[in-house]
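**Q** Chains as they are written, first to last, in the numbering used here: chain A, 131 to 454; chain B, 131 to 454. Quick reminder that beta carbons are idealized off the backbone N, C-alpha and C, glycines included.
1. Between the C-alpha atoms of residue 391/A and residue 172/A, what's the straight-line distance to the nearest angstrom?
2. Check residue 191/B in the structure and name its three-state DSSP category.
3. Does any residue of chain B bring its CB to less than 9 Å from the CB of residue 418/A?
4. Given that a residue counts as buried once 16 or more other Cβ atoms are within 10 Å of its Cβ, and exposed if not, what is residue 301/A?
5. Taking Cβ positions only, does residue 224/B come closer than 9 Å to chain A?
6. State buried or exposed for residue 211/B, treating a residue as buried only when at least 16 other CB atoms are found within 10 Å of its CB.
7. Please list, in chain order, the chain B residues whose beta carbon lies closer than 7 Å to that of residue 449/A.
8. Run through the DSSP bridge pairs and tell me what residue 171/A is partnered with.
9. Under the three-state reduction of DSSP, which class applies to residue 264/A: helix, strand or coil?
10. Is the Cβ of residue 282/B closer than 9 Å to any Cβ of chain A?
11. By DSSP, does residue 434/A sit in helix, in strand, or in coil?
12. Taking the alpha-carbon of residue 316/B as reference, which of 372/B, 364/B, 286/B and 292/B has the nearest alpha-carbon?
13. Give a yes or no on whether the C-beta atoms belonging to residue 321/B and residue 271/B are separated by under 9 Å.
14. Counting C-beta neighbours from all protein chains within 10 Å, is the total for residue 132/A 16 or more, i.e. buried, or is it exposed?
15. Do you know how far the Cα of residue 209/A is from the Cα of residue 221/A?
16. So what's residue 349/A in DSSP terms, helix, strand or just coil?
17. Return the first residue and the last residue of the beta strand (DSSP E) that residue 325/B is part of.
18. Is it right to say residue 340/A is buried, meaning 16 or more other beta carbons lie within 10 angstroms of its own, or is it exposed?
19. Mark residue 297/B as exposed unless 16 or more other C-beta atoms lie within 10 angstroms of its C-beta, in which case mark it buried.
20. Please state the DSSP three-state secondary structure of residue 302/A.
21. Can you name, in chain order, every residue of its own chain whose Cβ lies under 6 Å from the Cβ of residue 203/B, other than the five neighbours on each side?
22. Helix, strand or coil: how does DSSP classify residue 440/B here?
23. Residues of chain A with a CB under 7 Å from the CB of residue 388/B: which are they?
24. List the DSSP bridge partners of residue 279/A.
25. Rounded to a whole number of angstroms, what is the C-alpha to C-alpha distance between residue 386/B and residue 258/B?
26. Should residue 144/B be labelled buried (16 or more other beta-carbon atoms within 10 Å of its own) or exposed?
27. Starting from residue 159/B and walking both ways along the beta strand (DSSP E), at which residues does that stretch end?
28. For residue 448/A, which three-state DSSP category applies?
29. Roughly how many angstroms separate the alpha carbons of residue 141/A and residue 442/A, rounded to a whole number?
30. Which of the three DSSP states, helix, strand or coil, is assigned to residue 425/A?
31. Residues in the stretch 255-270 of chain B with C-beta within 8 Å of chain A's C-beta atoms, listed in sequence order?
32. Going by the CB atoms, is the gap between residue 401/A and residue 342/A shorter than 9 Å?
33. Suppose only complete runs of 3+ residues qualify. What are the beta strand (DSSP E) ranges in the stretch 374-425 of chain A, listed by chain order?
34. Let's see if you can read the secondary structure: which residues bound the beta strand (DSSP E) around residue 136/A?
35. Scan the stretch 203-222 of chain B for residues whose Cβ lies nearer than 8 Å to a Cβ of chain A and list them as they occur along the chain.
36. Output, in chain order, the set of chain A residues within a Cβ distance shorter than 7 Å of residue 185/B.
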């Protein structure tokens, strides 16, 4: 039997766990509720037991497991393996999660933040496959990021690199939750996209979104791209704003780590080609003319399993005998 | 005798060459004219002969030389060791400079662009000493850059990473030579700083710089910081513009590769603390509030030998037995 790797995606609501073979093929997976209010000891006991059960169900023995990878949102000391605190798991304070898992499972554990883990998954077996340099953006409530340079994740001096949502594109522009002004997150996250639409309607813009806003009292990014698909002009303008902000950020990343591929993920990519084509068009509009750029701007391909795949891939990268 | 490394800084006017010991202490150095119009064969013959003479003068034998490092401006295929073309050396087209030096000197040769080489020198023995993550800006005619991430230079997918002068900070702003608008280079290079001062005077601004402009028909960045030191208000405003543009770029780099130290070099740093303090102040004004940042913003320390030191350091890094 070849090597087996475990990938764990620890969220505030669910713990997703997958087993992967040496080629990172998914052997089997499961999901259990986190029950974060039970505290870290019980949660991590349950996590370890679920891994053991899954290994048994797959007809494997514990000896087949080479290593475990785990991803969670920060802030954490990833290298030291400690969750400092967690918005969604308030009882998790200074939890040495890696050591606690090592104690329970007897194999090495590698730990990183959820955006880096998903980035690594896309890099190894998803949209980034085959390149050495990739940049990754998660378009959710906020904008997270990941950077792979020369085949390795960029972590930075204090493990806070790739906070790409907080690069500034419009100095003195829209206020961001982080305290800065003009961050790309303040324009192009799913939340900011929806908020800009709501603000435009409140300011009197004509749009089919007005009915949604009047009925629900709010607008979501899903509303924006649904009305975009139906031909609404305001939805088009709002999407332009999102795409232009992302394109400018792509240009800045190109001139920084020079990725071969830039990958977007998150609910927003359900907007599909209407969004992707706009990002590419604004990129062409703003990029320099002294050199033709070939960077590929695309959407992620792994879907909801990205977290466990990335965690399994990180375990293989760190502790596997060889990478295929 | 311990290992000896050769560092070469190939410019359009002069070739600077230094010999370094295994601790990167300068053993001796020299400078000869490039005579680039004689063509690559003759220039590289002369370069190799000068290295041999320098080794003999230092009382060393050719066997002491472990490797050669060389830096030039691009465009080039650095990994392949080929100068594609050169603005200052028009006869250099598709020159396999590494192989030509290997043939003449019998030791391995490592090649990189001048900004990366100077960045590496500062990283190893200058302003970046002791950190793992550094960002480097050269403030000259344009703005060049270098990024060290986790102890290695970032080259990117096509060896054009770290073109930091062309990250966009003011979308649709000032036109840059590269064809983009709003690049930091269009605001904060020595040339752009001087140009903004000249434009302000032409537009009628009051300043002691007006006399310089009327007499010489132009203003240099040196004029700007000299009049700044003398208390001229416009010179202060222009320097503010330079510093704010650089500070915004520092913030974007912090959120991308998270350097521990950000190092500036080039004629502009002669402005001294008046410039450095402004950059730090604008950084504090614009940076996020959710986390206290400790990044050190400072000036380079190696001076005019940075090119040969960096090239020697790169030779040691690539081919040395061990790094001290």
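**A** The answer reads as follows:
1. Translated into the one-based positions of the first chain, residue 391/A becomes position 261. Translated into the one-based positions of the first chain, residue 172/A becomes position 42. Their Cα atoms are separated by approximately 41 Å.
2. As a first step, residue 191/B must be located in the second chain, where it is residue number 61. For residue 191/B, the secondary structure class from DSSP, reduced to helix, strand or coil, is coil.
3. As a working mapping, residue 418/A is identified with position 288 in the first chain. By the rule that beta-carbons nearer than 9 Å mark a contact, residue 418/A touches chain B.
4. Along the first chain, read from residue 1 onward, the residue named residue 301/A stands at position 171. Classification for residue 301/A: buried.
5. Reading the second chain from its first residue, position 94 is the one you call residue 224/B. Taking Cβ atoms only, chain A never reaches closer than 9 Å to residue 224/B, which makes this a no.
6. By one-based count along the second chain, residue 211/B stands at place 81. Counting the other Cβ atoms within 10 Å of the Cβ of residue 211/B gives 16 or more, which makes it buried.
7. Within the first chain, numbered from 1, the residue matching residue 449/A stands at position 319. Going along chain B, no residue has its Cβ under 7 Å from residue 449/A, so there is no contact; the nearest lies around 19 Å.
8. Within the first chain, residue 171/A is the residue found at index 41, counting from 1. The beta-bridge partner set that DSSP reports for residue 171/A is empty.
9. Reading the first chain from its first residue, position 134 is the one you call residue 264/A. In the structure shown, the three-state DSSP call for residue 264/A is strand.
10. Position 152 of the second chain holds residue 282/B. For residue 282/B, the answer is yes, since a Cβ of chain A falls inside 9 Å of its Cβ.
11. Your numbering for residue 434/A matches position 304 in the first chain. The answer is helix: DSSP assigns residue 434/A an H, G or I state.
12. For the purposes of this step, residue 316/B is identified with residue 186 of the second chain, where counting begins at 1. Considering only 372/B, 364/B, 286/B and 292/B, the residue with the shortest C-alpha distance to residue 316/B is 372/B.
13. If you number the second chain from 1, residue 321/B lands on position 191. If you number the second chain from 1, residue 271/B lands on position 141. The beta carbons of residue 321/B and residue 271/B sit closer together than 9 Å.
14. Position 2 of the first chain holds residue 132/A. Classification for residue 132/A: exposed.
15. Within the first chain, the letter at position 91 stands for residue 221/A. Within the first chain, the letter at position 79 stands for residue 209/A. Going from the Cα of residue 221/A to the Cα of residue 209/A covers about 21 Å.
16. Within the first chain, numbered from 1, the residue matching residue 349/A stands at position 219. When DSSP states are grouped into helix, strand and coil, residue 349/A belongs to the coil group.
17. Looking up residue 325/B in the second chain gives position 195. Note, residue 325/B: premise wrong, no beta strand (DSSP E); alpha helix (DSSP H) at 320-332.
18. Taking the first chain and counting its residues from 1, one reaches residue 340/A at position 210. Its Cβ being crowded by 16 or more others within 10 Å, residue 340/A is buried.
19. Working through the second chain from its first residue, we reach residue 297/B at position 167. Buried is the call here.
20. Residue mapping note: residue 302/A aligns to position 172 of the first chain, counting from 1. In this structure, residue 302/A counts as coil in the three-state DSSP scheme.
21. Sequence index remark: in the second chain, residue 203/B carries index 73 (1-based). Contacts found: 244.
22. The residue labelled residue 440/B in the question sits at position 310 within the second chain. Here residue 440/B sits in helix by DSSP.
23. On the second chain, residue 388/B is found 258 positions in, with the first residue counted as 1. Residues of chain A passing the Cβ test: 286, 287, 288, 290 and 291.
24. Here residue 279/A refers to the residue found at position 149 when the first chain is read from its first residue. Beta bridge pairing from DSSP links residue 279/A with 282/A.
25. Sequence index remark: in the second chain, residue 386/B carries index 256 (1-based). Sequence index remark: in the second chain, residue 258/B carries index 128 (1-based). Those two C-alpha atoms are separated by around 18 Å.
26. For the purposes of this step, residue 144/B is taken as residue 14 along the second chain, with counting starting at 1. That one is exposed.
27. For this step, residue 159/B is matched to residue 29 along the second chain. Run containing residue 159/B: 156-163, per the beta strand (DSSP E) assignment.
28. Translated into positions along the first chain, residue 448/A becomes position 318. It is helical.
29. Your numbering for residue 141/A matches position 11 in the first chain. Your numbering for residue 442/A matches position 312 in the first chain. Residue 141/A and residue 442/A: Cα-Cα distance of roughly 16 Å.
30. Here the question's residue 425/A lines up with position 295 in the first chain. The answer is coil: DSSP assigns residue 425/A none of H, G, I, E or B.
31. Look at the stretch 255-270 of chain B: the residues with a C-beta under 8 Å from a C-beta of chain A are 261, 262 and 263.
32. By 1-based counting over the first chain, the position of residue 342/A is 212. By 1-based counting over the first chain, the position of residue 401/A is 271. When the beta-carbon positions are compared, residue 342/A and residue 401/A stay at least 9 Å from each other.
33. The qualifying runs are 391-395.
34. Numbered from its first residue, the first chain carries residue 136/A at position 6. Run containing residue 136/A: 134-140, per the beta strand (DSSP E) assignment.
35. Under the 8 Å Cβ criterion, the stretch 203-222 of chain B contributes no residue.
36. Mapped onto the second chain, residue 185/B falls at position 55. Ordered by position in chain A, no residue passes the 7 Å Cβ test against residue 185/B, which lies about 33 Å from the chain.
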